[in-house]
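*Asks:* Below is one structure. I have some questions about it.
Protein chains in written order, with this note's numbering: chain A, 1431 to 1650; chain B, 86 to 429.
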């Protein structure tokens, strides 16, 4: 069976947790190999709509994990947030090319755009990398515990609506504008809203990063 | 209140049922709305007085005139329409000898984030309804002279497919404007599932924003390539018949030293080999902060000639309305939105 040209299978939900208000982690049984940074289609219920989600689990982990926030009046996320372990959802084979080329990279994410970088970190693709993560408040830094324990890794948390020790005060764009000097030859991977991605991309280009070293994933 | 203008015949049947009107009144309403060009419910004189009163109490007519027009030295006009209280969209009217084309928007802003596009820089604010899409045509002062409509303004039409399809249905149905689908082109960056739906559910022309035949290069210009890969997009296009009335074209902005080399000519030839299609080359209109430049005229001409020599029909689109930021890739209402934001 195919979903948007991709082979699909019925996956069993293994785990569901609301990690922040309206933000959920779901784990499913896994039938396909994938590359960290890829996505998959999720359909629920059987005749429901399908949407793409980045995989947050590592390449060697025996399950698929996704992160999503509930979109008010959305067609899928309100029902997906209520699915229980043991129930089934349709999952496609992984797709997408937002992958790390193996060289040290800079990751920049806001919101649920952190998911592909969680997958890369859990796969071990983090050495000498840097993550710049943006969030409004402390509980917006999804998976911070994964990144905080990584060796040979620089982690910057930019918090815009609260203050706190260990956080840069301001948005991701403020940090890049005022406190970041990029290595132009380094690949920069951006994931999040269109607004953040285009703004950060312009700032990086302005700081000398060639546009072909900036790879963007936009959630739409 | 909901607008009557922009509703399909099916939706008008529901309105008629709610109003207690006979089902044939839906067709009558459609005729008033889309063929007799009235602008007030009271002008629907073959609908009963009671029915009209119900309509007036429950619906607005739904026309919004443009709030501003800018006129280019070349005759192109850029119209500004409001969307809600603080948002705006633009439409570009492009007269050219015996043709007059309107480039309409389908979204406020855009999520696609293409490196070369001004609209992408304002992010995404909203989808337009079929009413708001069609209003750009209906409220255009030059409406009567229009020969073509292209969905190439602000936004990605395939990211708002339901409303785009509704508007196309109203434009082309015999109960609607009755336009030939050949007069309409919808552009896309290549959102696969929606493209498939679009090809199957409409008859209008399709234009794909291509800009590179190579996936790795295209993804640095267009983030969508990370999700929907060019070979799959082309494969989907190849699975339909484009040899008759319906046309597929490929938009190709010429970037100096980036996508204008003989290697790209060969790549395009391989990619599109045997597909009945046209490539529209477009000069790049520079936007603030961009690292990209337009190819020079000589390179563009050579590129075009080589593609034509290889059997791929290739044309160069005239740049229109550049002085008023109405040209391809320049539509944006970001500054207006910023100005409207309250202080603090």
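Every residue, glycine too, gets a C-beta built ideally from N, C-alpha and C.
Bridge partners of residue 290 of chain B, per DSSP?
*Replies:* The partner list for residue 290 of chain B (beta bridge, DSSP) reads B:270.
*Asks:* Are the C-beta atoms of residue 1527 of chain A and some chain B residue less than 9 Å apart?
*Replies:* Residue 1527 of chain A counts as touching chain B.
*Asks:* Is the CB of residue 1538 of chain A under 9 Å away from at least one CB in chain B?
*Replies:* Residue 1538 of chain A does not count as touching chain B.
*Asks:* In chain order, what residues of the same chain lie with their CB nearer than 7 Å to the CB of residue 1452 of chain A, ignoring the 5 residues before and after it?
*Replies:* So the list reads 1499, 1500, once near-sequence residues are dropped.
*Asks:* Roughly how many whole angstroms lie between the Cα atoms of residue 1545 of chain A and residue 1602 of chain A?
*Replies:* C-alpha separation (whole angstroms): 17 Å.
*Asks:* If you scan the stretch 1533 to 1568 of chain A from start to end, which runs of the beta strand (DSSP E) of 3 or more residues do you find wholly inside it?
*Replies:* Correct list: 1535 to 1540, 1559 to 1565.
*Asks:* Closer than 8 Å, Cβ to Cβ, to anything on chain A: give me those residues from the stretch 183 to 201 of chain B, in chain order.
*Replies:* Result list: 194, 195, 196, 197, 198, 200.
*Asks:* In this structure, does DSSP put residue 1574 of chain A in helix, strand or coil?
*Replies:* The answer is helix: DSSP assigns residue 1574 of chain A an H, G or I state.
*Asks:* Roughly how far, in whole angstroms, is the beta-carbon of residue 372 of chain B from the beta-carbon of residue 155 of chain B, given that I think they are within contact range, below 8 Å?
*Replies:* Incorrect: roughly 17 Å between the Cβ atoms, too far for contact.
*Asks:* Taking the Cβ atom as the reference point for each residue, do residue 334 of chain B and residue 270 of chain B lie within a distance shorter than 9 Å?
*Replies:* Yes.
*Asks:* Do residue 272 of chain B and residue 221 of chain B have their C-beta atoms within less than 9 Å of each other?
*Replies:* No, the pair does not count as a contact, with Cβ atoms beyond the cut-off.
*Asks:* Just the Cα atoms here: how many angstroms apart are residue 394 of chain B and residue 341 of chain B?
*Replies:* Between residue 394 of chain B and residue 341 of chain B, the C-alpha separation is close to 21 Å.
*Asks:* Please classify residue 431 of chain B: does DSSP put it in a helix, a strand, or coil?
*Replies:* No statement about residue 431 of chain B is possible, as the shown extent of chain B runs from 86 to 429 and does not include it.
*Asks:* Using DSSP's beta-bridge definition, name the partner residues of residue 1469 of chain A.
*Replies:* According to DSSP, which records beta bridges pairwise, residue 1469 of chain A is partnered with A:1484, A:1525.
*Asks:* Which runs of the beta strand (DSSP E) fall wholly inside the stretch 343 to 403 of chain B and span at least 3 residues, in chain order?
*Replies:* You should have 363 to 368, 398 to 402.
*Asks:* Please check the pair residue 126 of chain B and residue 146 of chain B, which I expect to be a contact at CB under 8 Å, by giving their CB distance rounded to whole angstroms.
*Replies:* Contact flag correct, Cβ pair sits at about 6 Å.
*Asks:* Between the stretch 1517 to 1531 of chain A and the stretch 1461 to 1479 of chain A, are three or more C-beta pairs nearer than 8 Å?
*Replies:* The stretch 1517 to 1531 of chain A is in contact with the stretch 1461 to 1479 of chain A.
*Asks:* Report the three-state DSSP secondary structure of residue 94 of chain B (helix, strand or coil).
*Replies:* Three-state DSSP puts residue 94 of chain B in a helix.
*Asks:* The alpha helix (DSSP H) spanning residue 304 of chain B covers which residue range?
*Replies:* Unbroken alpha helix (DSSP H) run through residue 304 of chain B: 300 to 306.
*Asks:* Which residues share a DSSP beta bridge with residue 314 of chain B?
*Replies:* In the DSSP output, where bridge partners are listed per residue, residue 314 of chain B has none listed.
*Asks:* Listed in chain order, which residues of the stretch 313 to 325 of chain B have Cβ atoms closer than 9 Å to some Cβ of chain A?
*Replies:* If the cut-off is 9 Å between Cβ atoms, the stretch 313 to 325 of chain B has 313, 314, 317, 320, 321 near chain A.
*Asks:* Could you check the C-alpha separation between residue 361 of chain B and residue 327 of chain B for me, to the nearest Å?
*Replies:* Going from the Cα of residue 361 of chain B to the Cα of residue 327 of chain B covers about 6 Å.
*Asks:* For residue 1531 of chain A, does the three-state DSSP call read helix, strand or coil?
*Replies:* In the structure shown, residue 1531 of chain A sits in coil (DSSP, three-state: anything other than H, G, I, E or B).
*Asks:* Could you round the C-beta distance between residue 1622 of chain A and residue 1565 of chain A to whole angstroms and report it? I think they count as a contact, below 8 Å.
*Replies:* That pair is no contact at about 11 Å.
*Asks:* To the nearest angstrom, report how far apart residue 447 of chain B and residue 160 of chain B are at their CA atoms.
*Replies:* Only positions 86 to 429 of chain B appear in this structure, which leaves residue 447 of chain B out of reach.
*Asks:* Mind listing which residues of the stretch 349 to 379 of chain B have their C-beta closer than 7 Å to chain A's C-betas, in chain order?
*Replies:* Answer in chain order: 374, 376.
*Asks:* Using DSSP bridges, identify the partner residues of residue 1520 of chain A.
*Replies:* Bridge partners of residue 1520 of chain A: A:1440, A:1473.
*Asks:* Rounded C-beta distance between residue 216 of chain B and residue 101 of chain B? I'm assuming under 8 Å.
*Replies:* So it is not a contact: roughly 18 Å between Cβ atoms.
*Asks:* Between which two residues does the beta strand (DSSP E) containing residue 174 of chain B stretch?
*Replies:* First-last of the beta strand (DSSP E) with residue 174 of chain B: 172 to 181.
*Asks:* Which residues in the same chain as residue 310 of chain B place their Cβ atom closer than 7 Å to its Cβ, once the five residues preceding and following it in sequence are excluded?
*Replies:* Excluding residues within five positions, the ones whose Cβ falls inside 7 Å are 300, 303, 304.
*Asks:* Could you check where the alpha helix (DSSP H) with residue 1461 of chain A kicks off and where it finishes?
*Replies:* Premise fails: residue 1461 of chain A is in no alpha helix (DSSP H) and is neither H nor E.
*Asks:* Sort out for me which residues DSSP pairs residue 202 of chain B with in a bridge.
*Replies:* BP columns for residue 202 of chain B are empty, so no partner.
*Asks:* Excluding the 5 residues flanking residue 239 of chain B on each side, which residues of the same chain have their C-beta closer than 8 Å to its C-beta?
*Replies:* Within the same chain, residue 239 of chain B has close Cβ partners 174, 175, 190, 191, 192, 193, 194, 195, 204, 416, 417, 418.
*Asks:* How about residue 1479 of chain A and residue 1506 of chain A: do their beta carbons lie closer than 9 Å?
*Replies:* Yes, they are a contact pair.
*Asks:* Can you tell me where the beta strand (DSSP E) holding residue 1499 of chain A begins and where it ends?
*Replies:* Run containing residue 1499 of chain A: 1493 to 1499, per the beta strand (DSSP E) assignment.
*Asks:* With a CB to CB cut of under 7 Å and the five nearest residues on each side skipped, what residues in its chain are close to residue 281 of chain B?
*Replies:* Cβ neighbours of residue 281 of chain B beyond the five flanking positions: 321.
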